[in-house]
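In case it helps, our numbering puts the sequence shown at residues 183 to 289. Using N, Cα and C, we set each Cβ at its ideal position, and we do this for glycine too. Below is one structure; the comments refer to it alone.
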Amino acid sequence: MTFVVTENCIKCKYTDCVEVCPVDCFHEGPNFLVIDPDECIDCTLCEPECPAHAIFSEDDLPADQTHFLALNAELTKTWPVISAKKDAPPDAADWDGKPDKLPYLER
Ligand code: SF4
Ligand code: F3S
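Structure, rendered in structure tokens:
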């Protein structure tokens, strides 16, 4: 099993999640983070830390977010590891909760 970063992280990217991960399995893109499914040890620590409620256990993914499992696995292969919190985008709060953000994902 793994935990998965889902759509509401796009353009919010608060990065609180990376501070608690004991195995540094978060990888960073321009406006989204993903979890390496081969590194995640299912410790559950990151899920409650995300202010955008964007992290779910693989088994608890909402039905409209299941495609993010494959997307995390794909993007983790090319994006670098992030292990320290950084400032969120200045307009992160404006994007929190906006629907249909996938077209805004930058690779
Ligand atoms: Fe890291 Fe634990 Fe979250 Fe997996 S569940 S990404 S190991 S903090
Ligand atoms: Fe994204 Fe939430 Fe982490 S918005 S960067 S999954 S704290």
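Point to revise | F250 - DSSP class collapsed to helix/strand/coil | key: Position 68 of the sequence shown, counted from the first residue, corresponds to residue 250. Helix.
Check your understanding: Does the ligand SF4 have a heavy atom nearer than 8 Å to the CB of D241?
Key -> For the purposes of this step, residue 241 is taken as residue 59 along the sequence shown, with counting starting at 1. Outside the cutoff, so no.
**Study point:** Rounded distance between the beta-carbons of V205 and N254, thought under 8 Å
**Key:** Mapped onto the sequence shown, residue 254 falls at position 72. Mapped onto the sequence shown, residue 205 falls at position 23. No, N254 and V205 are not in contact; Cβ-Cβ is about 15 Å, not under 8 Å.
Exercise for review: Thinking V202 and L227 are a contact (beta carbons under 8 Å), I'd like their distance in whole angstroms, please.
Suggested key: Counted from its first residue, the sequence shown places residue 202 at position 20. Counted from its first residue, the sequence shown places residue 227 at position 45. Right, the Cβ-Cβ distance comes to about 4 Å (below 8 Å), so this counts as a contact.
Review point. Which first and last residues belong to the beta strand (DSSP E) in which V263 is found?
Key: Within the sequence shown, residue 263 is the residue found at index 81, counting from 1. Where V263 is concerned, there is no enclosing beta strand (DSSP E), given that its DSSP letter is neither H nor E.
Check your understanding: Which whole runs of the alpha helix (DSSP H) in the segment 187 to 260 are 4 residues long or more, in chain order?
Key -> Those alpha helix (DSSP H) runs which fall completely within the segment 187 to 260 and span 4+ residues are 198 to 202 and 249 to 257.
Review point. Looking only at its own chain, which residues have a Cβ that is under 6 Å from the Cβ of F250, when we skip the five neighbours before and after it?
Key: Taking the sequence shown and counting its residues from 1, the one referred to as residue 250 is at position 68. Counting only Cβ-Cβ distances below 6 Å, and skipping sequence neighbours, we find V186 and T188.
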